[in-house]
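*Asks:* So the protein lines, in turn, are chains A and B.
The numbering of the first sequence is the numbering used here, which starts it at -19 and goes up by one.
The numbering of the second sequence is the numbering used here, which starts it at 10 and goes up by one.
For each residue, glycine too, the CB sits at the ideal point set by N, CA and C.
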Amino acid sequence: MSRLEVNNLLEVKNLRVDLPVEAGTLHAVRGIDFHVERGEMLCLVGESGCGKSMTSLALMGLLPRKARLKADRLQFDGIDLTTLSERRRSDLRGARMSMIFQEPMTALNPAYTLGNQLCEGLIRHRGVSRQEARERAIYLLERVGISAARDRLDQYPHQLSGGLRQRVMIAMALMCEPDLIIADEPTTALDVTIQAQILRLLRELQQEFGTAVIFITHDLGVVARIADRVAVMYAGEVIESAPTPTLYANPGHPYTRGLLSCIPAPGKTPPGSRLQAIPGVVPSLVGHVEGCAFRNRCPQAQPICERTPPLMSLSGDHRARCHYADRPVSAPPQPETIS
Amino acid sequence: MNAQPIIEVAEPRQLPSTSDSASASRAATPALEICGLSKTFTLGGGLFKRGRTLGAVSDVSLRIPRGQVMGLVGESGCGKSTLAKMLLGLTTPSDGDVLVDGRPVRDADQKALARHIQPIFQDPYSSLNPRKRIAQIVGLPLRVHGIGTPREQRARIAETLDVVGLPRRAAEQFPGQLSGGQRQRVAIARALIMRPDIVICDEPTSALDVSVQAQILNLLLDLKAEFGLTYLFISHDLAVVEHLVDRVAVMYLGRIVEEGTREQIFGSPRHPYTRALLDSALTPEPGMGVPDIGLGDATPDPSDPPAGCAFHPRCPKAQAACRQQRPRLEDIRSDNARVACHLA
């Protein structure tokens, strides 16, 4: 590894999140390791139920009350988050780490003006005057491309379009100049043209302010365009992580390969041809999960996959959790049957 | 009231004709033709005050040849779903006609319409009744239309579940016991049990995970080949549209702004809005960055559309003429395509 671990803004080792449900315990996050370097964009990719949102809530300290969190290490800029009091935690939240949610309409309070909501954090955390906070809000609204920023401060969220609301959310996340922003599917609810504009803006500001971003998405097109590094999640585990170009050029886990081949690629996939689908469905994470969680859907599964695969190091910063990540499967792959 | 005669299309689906001339004329008639279809809503207003009108769909004309897939793309609020609802008889058009098999369908024939046109909706979580068993959900159209004895209905249900790749035991289950992909298969089975000619797919895979999306797209392609179905495929995912369709219509603020074959639209788009849509599709190519699509973010208000070309406030190439006169949707002579732009 080229950088020393002390440079990492966030260190996560063996993070587990369990949720009691009617049928037992749901192991939403099953022992994941990752880190975020200062100023980088890390994408967490995965399908619904893979644990990516639970991971982000765990980092923010916003897990549902009944959820149980365990971790060998959960360190933000040297601060141990597992033992932090709720009071100290809320000093961090909004000030040094902030969050952008998928649906800005539910994340913004409909009863307060934008100005109120934008300034609240800065006044609480930095103790600045209302006037100073308003000036910074105006500056940031202009930076995120909102015209007539001064007038907007007195508007309510419902007076804005979805794209503008998400711009306000980005401005709000930047108010206290945080070290880390967690963005949970921030463009999924938006139209493609607006999505492109918002992503471009987020990437520009992130590089300008040197903010680290954990960007959570299911969209591999988005990941390719904005991420420095990628961690792919499946069934509560990080099954592969790599610098973005490496992951796309050389995916090491069969699930990553499957994901990449099941989206039609213009110019490569002949129109109207059959797409490669991943057969089957995600396993239930209620109760004890043994072995590789992907083996029932894996085209190259072998008897050894009943045992939990190790996290194999492939090259530099590229790791994959598969028995066969570093070598071809010796037996011929089992024939794939999809009806 | 409209004085046009009501023409019944309630007769049962025709068996394939053996006569060559009959099948030739049937093949020449588009499966679905939409002529000048409009829908306006009235907003606000009161006893003595006139409300504002909102043109959700304005003067839309489209022809979908038998066995083809027409893609319909555009941003949220552009009228795609209102158009779909009118085709399904769920909303009465303010003006214009829908022709199925060359015969006009009016709102009185909703039941007849349902035999020919069936929908698949976006969200298989909210479009299936959670308290009904799958067999009841899939078989409901047969009961509504009084087709077959209960025994025949059961056979047809089992056969349709096979066709969409659901296990027979799914018949006795509830939607809550199925995964998202399986639920969408149920929705497809419900659409197909009437043996329709035309299926309106309104964002059929956007609520599904990518790994499951491919399964459903493959199924839709297989079913089209097997039953000669005609699709209107509404989606915001341009990679999926490009993969699936024969022709594409692009809507902006209630109007079609460009229409053409897949190659024309994706290869050489003429309307600046089509170009911007294509540019904003993020294909999985690392290192390309996020493109600057050069659109302002003056999201238009459908109840107060801009004068002239509705797209001009966002158009990077807008000129004086674009602000004054609305461009007509003109045929491009050589190409069998249409575009509404002064500059195309």
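Out of A:P290, A:P263, A:G232 and A:L64, point me to the one whose CA is closest to R307 of chain A's CA.
*Replies:* A:G232
*Asks:* Given a limit of 9 Å on CB to CB distance, which residues of the segment 131 to 155 of chain A reach chain B?
*Replies:* Within the segment 131 to 155 of chain A, the residues whose Cβ lies closer than 9 Å to any Cβ of chain B are, in chain order, S141, G142, G143, L144 and R147.
*Asks:* Could you tell me whether any non-hydrogen atom of the ligand GTP is closer than 6 Å to the CB of Y228 of chain A?
*Replies:* Questions concerning the ligand GTP fall outside what the structure shown contains, since it holds no ligand whatsoever.
*Asks:* Check whether chain B comes within 7 Å of A192 of chain A, counting only Cβ atoms and requiring the distance to be less than that.
*Replies:* no
*Asks:* Would you say G317 of chain B and Q334 of chain B are within 7 Å of each other, going by their C-beta atoms?
*Replies:* yes
*Asks:* Does chain A have any CB closer than 7 Å to the CB of D104 of chain B?
*Replies:* no
*Asks:* Answer yes or no: does any C-beta atom of chain B fall closer than 7 Å to that of E188 of chain A?
*Replies:* So no, E188 of chain A is outside the interface.
*Asks:* E(-9) of chain A to A215 of chain A, Cα distance in whole Å?
*Replies:* E(-9) of chain A and A215 of chain A have their C-alpha atoms roughly 21 Å apart.
*Asks:* Is there a Cβ from chain A that is less than 7 Å from the Cβ of N227 of chain B?
*Replies:* yes
*Asks:* Could you pull the start and end residues of the alpha helix (DSSP H) that M292 of chain A belongs to?
*Replies:* First-last for M292 of chain A: L291 to S295, but that is the beta strand (DSSP E), not the alpha helix (DSSP H).
*Asks:* Nearest-angstrom Cα distance between R110 of chain A and L98 of chain A?
*Replies:* If you take the alpha carbons of R110 of chain A and L98 of chain A, they lie about 11 Å apart.
*Asks:* How would you write the range of the beta strand (DSSP E) that R53 of chain A sits in, first residue to last?
*Replies:* R53 to F56
*Asks:* Output the boundary residues of the alpha helix (DSSP H) element that contains F189 of chain A.
*Replies:* V172 to F189
*Asks:* Which value, in whole angstroms, describes the spacing of the CA atoms of L52 of chain B and I156 of chain B?
*Replies:* 41 Å
*Asks:* Helix, strand or coil for P84 of chain A, going by three-state DSSP, please let me know.
*Replies:* When DSSP states are grouped into helix, strand and coil, P84 of chain A belongs to the helix group.
*Asks:* Any contact between the segment 106 to 120 of chain B and the segment 268 to 280 of chain B? By contact I mean 3 or more CB pairs, one from each, below 8 Å.
*Replies:* no
*Asks:* Within 7 Å of any Cβ in chain B, is that where the Cβ of R180 of chain A sits?
*Replies:* yes
*Asks:* Where does P283 of chain A fall in DSSP's three states?
*Replies:* helix
*Asks:* Starting from N(-12) of chain A, follow the beta strand (DSSP E) in both directions and report where the run begins and ends.
*Replies:* N(-12) to V1
*Asks:* Let me see if you follow: with CB-CB separation under 7 Å, is H2 of chain B close to chain A or not?
*Replies:* Look at the range of chain B in this structure, 10 to 353, and you will see that residue 2 of chain B is not part of it.
*Asks:* Can you list, in chain order, the residues of its chain with a C-beta nearer than 8 Å to that of K46 of chain A? Leave out the 5 residues immediately preceding and following it.
*Replies:* If we look at K46 of chain A and ignore the five residues flanking it on each side, its Cβ neighbours are L(-1) and P0.
*Asks:* Check each residue of the segment 154 to 170 of chain A: if its Cβ is closer than 7 Å to any Cβ of chain B, include it; give the result in chain order.
*Replies:* none
*Asks:* Going along chain B in order, which residues have a C-beta closer than 7 Å to the C-beta of A222 of chain A?
*Replies:* Within 7 Å Cβ-Cβ: nothing; A222 of chain A doesn't reach chain B, min ~11 Å.
*Asks:* If you drop the 5 nearest sequence neighbours on each side, which residues of the same chain put their C-beta closer than 7 Å to that of R61 of chain B?
*Replies:* L52, G53 and S312
*Asks:* The beta strand (DSSP E) spanning L92 of chain B covers which residue range?
*Replies:* Looking at the DSSP string, L92 of chain B is not in any beta strand (DSSP E); the run it does join, the alpha helix (DSSP H), is K89 to L96.
*Asks:* Note down, in chain order, all residues in the segment 85 to 109 of chain B with a beta-carbon under 7 Å from any beta-carbon belonging to chain A.
*Replies:* S85
*Asks:* Name, please, each residue of chain B whose Cβ falls closer than 8 Å to the Cβ of C242 of chain A.
*Replies:* V219, S220, Q222 and A223
*Asks:* How do the segment 196 to 208 of chain A and the segment 48 to 66 of chain A stand: do at least 3 beta-carbon pairs fall below 8 Å, yes or no?
*Replies:* no
*Asks:* Tell me, please, which residues DSSP counts as bridged to M79 of chain A.
*Replies:* As computed with DSSP, M79 of chain A is found in a beta bridge with A:I162.
*Asks:* With K48 of chain B as the anchor, note down where its alpha helix (DSSP H) starts and where it stops.
*Replies:* Run containing K48 of chain B: none in the alpha helix (DSSP H); it sits in the beta strand (DSSP E), L41 to L52.
*Asks:* Might you give, ordered along the chain, the residues of its own chain that have their beta carbon closer than 8 Å to the beta carbon of H105 of chain A, omitting 5 neighbours on each side?
*Replies:* D71, G74, A75 and C156
*Asks:* Using a cut-off of 9 Å between C-beta atoms, extract the partners of L262 of chain B located in chain A.
*Replies:* Under a criterion of Cβ atoms nearer than 9 Å, no residue of chain A is adjacent to L262 of chain B; the nearest Cβ is some 13 Å distant.
*Asks:* Tell me whether H15 of chain A sits in a helix, a strand or coil according to DSSP, three-state version.
*Replies:* When DSSP states are grouped into helix, strand and coil, H15 of chain A belongs to the strand group.
*Asks:* Less than 7 Å between the C-beta atoms of I12 of chain A and V218 of chain A, yes or no?
*Replies:* yes
*Asks:* Where C23 of chain A and L200 of chain A are concerned, what is the direct C-alpha to C-alpha distance, given to the nearest angstrom?
*Replies:* So the alpha carbons of these two residues sit roughly 10 Å apart.
*Asks:* Relative to the C-alpha of L102 of chain A, which candidate in A:M34, A:L94, A:A113 and A:Q280 has its C-alpha closest?
*Replies:* A:A113
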